[in-house]
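Engineer: First, the structure itself, so that you have it in front of you.
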């Protein structure tokens, strides 16, 4: 369980948030699978992954499968912690009562 909620700007970008969600649900995920699921170009995905790898949130491993080189990505402990605390921060935002908000006045037409 995360320590305390912490909003993470790096993770929050839509594609990186989706990458973290996919990576957190698996032991590892291949580059091609991420590209297929996110429906983005190789260059766009590479850019997003580089930021997560540089931050230490993902690790990458080069493997050969079926005689073809592949890149396999895994979420690090640091990345998993950052992702979980970010999710907790989002839950706080979503679940926070709207302080001082009054219900919208209902109008009737008669």
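In the numbering used here, the protein residues as written are 31 to 140. Don't be surprised by glycine CBs; every beta carbon is placed ideally from N, CA and C. Note that this is a predicted model, so its numbers are computed, not measured.
Is the beta carbon of residue 105 sitting closer than 8 Å to the one on residue 54?
Structural biologist: yes
Engineer: On the criterion of 16 or more Cβ atoms from any shown chain inside 10 Å, does residue 49 qualify as buried, or is it exposed?
Structural biologist: buried
Engineer: Could you check the C-alpha separation between residue 114 and residue 126 for me, to the nearest Å?
Structural biologist: 18 Å
Engineer: Please go through the same chain and pick out, in chain order, the residues whose beta-carbon is closer than 7 Å to the beta-carbon of residue 67, but skip the five residues on each side of it.
Structural biologist: 52
Engineer: Of the choices 65, 110 and 101, whose alpha-carbon is the least far from that of residue 85?
Structural biologist: 110
Engineer: What would DSSP say about residue 127, mapped onto helix, strand or coil?
Structural biologist: coil
Engineer: Which complete alpha helix (DSSP H) runs does the stretch 61-101 hold, if anything under 4 residues is left out?
Structural biologist: 61-68 and 72-84
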